[in-house]
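>
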Amino acid sequence: MNVIFFAKLMNVAGLLVLLTACNLLGGCDAAKKKEDPKQQKAQSGKGKESVIDQELQKQYDIYQEIIKYQIEQDKKMIKQSEERYKKLKEESDK
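All the letters of the sequence shown, read from the start, carry residue numbers -26 to -1, 1 to 68 under mature numbering (1 follows the signal peptide of the UniProt record, and there is no 0).
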(Lines of atoms letter the chains of each structure in order from A and count residues from 1; the text may use other names and numbers.)
(Lines give C-alpha, C1' and ligand atoms only; values in the text may rest on other atoms or scores of the structure.)
Protein backbone atom coordinates (compact mmCIF):
# COMPACT_ATOMS: atom_id res chain seq x y z
CA MET A 1 0.00 0.00 0.00
CA ASN A 2 2.90 2.36 0.71
CA VAL A 3 4.26 1.77 -2.78
CA ILE A 4 0.95 2.77 -4.38
CA PHE A 5 0.73 5.86 -2.19
CA PHE A 6 4.32 6.80 -3.03
CA ALA A 7 3.59 6.36 -6.75
CA LYS A 8 0.54 8.61 -6.49
CA LEU A 9 2.54 11.19 -4.58
CA MET A 10 5.24 11.12 -7.25
CA ASN A 11 2.59 11.56 -9.97
CA VAL A 12 1.12 14.57 -8.21
CA ALA A 13 4.58 16.05 -7.71
CA GLY A 14 5.39 15.44 -11.38
CA LEU A 15 2.20 17.18 -12.46
CA LEU A 16 2.97 20.11 -10.20
CA VAL A 17 6.46 20.41 -11.67
CA LEU A 18 5.02 20.20 -15.18
CA LEU A 19 2.42 22.89 -14.51
CA THR A 20 5.00 25.11 -12.85
CA ALA A 21 7.35 24.72 -15.80
CA CYS A 22 4.57 25.53 -18.25
CA ASN A 23 3.60 28.54 -16.18
CA LEU A 24 7.19 29.76 -16.03
CA LEU A 25 7.72 29.30 -19.74
CA GLY A 26 4.41 30.97 -20.48
CA GLY A 27 4.95 33.41 -17.63
CA CYS A 28 6.84 35.75 -19.90
CA ASP A 29 3.41 36.97 -20.92
CA ALA A 30 3.39 39.10 -17.78
CA ALA A 31 6.16 41.18 -19.31
CA LYS A 32 4.15 41.39 -22.50
CA LYS A 33 1.13 42.55 -20.51
CA LYS A 34 3.19 45.42 -19.17
CA GLU A 35 3.92 46.45 -22.72
CA ASP A 36 0.31 46.00 -23.81
CA PRO A 37 -1.00 49.26 -22.29
CA LYS A 38 1.54 51.17 -24.37
CA GLN A 39 0.53 49.26 -27.45
CA GLN A 40 -3.14 49.70 -26.62
CA LYS A 41 -2.66 53.46 -26.35
CA ALA A 42 -1.00 53.43 -29.76
CA GLN A 43 -3.82 51.31 -31.14
CA SER A 44 -6.49 53.45 -29.51
CA GLY A 45 -5.18 56.35 -31.54
CA LYS A 46 -5.80 54.30 -34.67
CA GLY A 47 -9.13 52.98 -33.49
CA LYS A 48 -10.67 50.51 -31.10
CA GLU A 49 -9.43 46.95 -30.79
CA SER A 50 -11.08 44.51 -33.10
CA VAL A 51 -13.75 42.17 -31.80
CA ILE A 52 -11.42 39.23 -32.41
CA ASP A 53 -8.66 40.79 -30.27
CA GLN A 54 -11.14 41.44 -27.47
CA GLU A 55 -12.41 37.86 -27.59
CA LEU A 56 -8.89 36.48 -27.62
CA GLN A 57 -8.02 38.59 -24.60
CA LYS A 58 -11.07 37.27 -22.74
CA GLN A 59 -10.12 33.69 -23.59
CA TYR A 60 -6.54 34.31 -22.50
CA ASP A 61 -7.72 35.70 -19.15
CA ILE A 62 -9.96 32.66 -18.65
CA TYR A 63 -7.02 30.39 -19.51
CA GLN A 64 -4.84 32.12 -16.90
CA GLU A 65 -7.57 31.68 -14.26
CA ILE A 66 -7.82 27.97 -15.10
CA ILE A 67 -4.05 27.54 -14.74
CA LYS A 68 -4.09 29.31 -11.35
CA TYR A 69 -6.99 27.10 -10.22
CA GLN A 70 -5.18 23.93 -11.32
CA ILE A 71 -2.04 24.95 -9.45
CA GLU A 72 -4.07 25.67 -6.30
CA GLN A 73 -5.79 22.28 -6.58
CA ASP A 74 -2.47 20.51 -7.06
CA LYS A 75 -1.06 22.23 -3.98
CA LYS A 76 -4.11 21.17 -1.96
CA MET A 77 -3.79 17.60 -3.23
CA ILE A 78 -0.11 17.45 -2.34
CA LYS A 79 -0.83 18.82 1.13
CA GLN A 80 -3.56 16.22 1.66
CA SER A 81 -1.29 13.47 0.37
CA GLU A 82 1.46 14.52 2.74
CA GLU A 83 -0.96 14.54 5.68
CA ARG A 84 -2.26 11.12 4.71
CA TYR A 85 1.30 9.84 4.35
CA LYS A 86 2.16 11.13 7.83
CA LYS A 87 -0.90 9.40 9.30
CA LEU A 88 -0.06 6.13 7.59
CA LYS A 89 3.55 6.37 8.71
CA GLU A 90 2.46 7.00 12.31
CA GLU A 91 0.07 4.03 12.18
CA SER A 92 2.72 1.77 10.71
CA ASP A 93 5.22 2.83 13.39
CA LYS A 94 2.79 1.76 16.12
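Glycine included, every Cβ here is placed at the ideal spot set by N, Cα and C. Please read all numbers here as calculations on a predicted model, not as lab measurements.
Are there three or more Cβ pairs, one per stretch, closer than 8 Å when the region -20 to -2 is compared with the region 61 to 68?
Judged by Cβ distances under 8 Å, the region -20 to -2 makes no contact with the region 61 to 68, as fewer than three pairs qualify.
> Excluding the 5 residues preceding and the 5 following residue -12 in the sequence, name in chain order all residues of the same chain whose CB lies nearer than 7 Å to its CB.
Result list for residue -12: 48, in chain order.
> So residue 46 is in the alpha helix (DSSP H); what residue range does that whole segment cover?
Where residue 46 is concerned, the enclosing alpha helix (DSSP H) stretches over 25 to 67.
> I believe residue 37 touches residue -22 by the beta-carbon criterion, under 8 Å. Please report the beta-carbon distance rounded to the nearest angstrom.
The Cβ separation is near 33 Å, so there is no contact.
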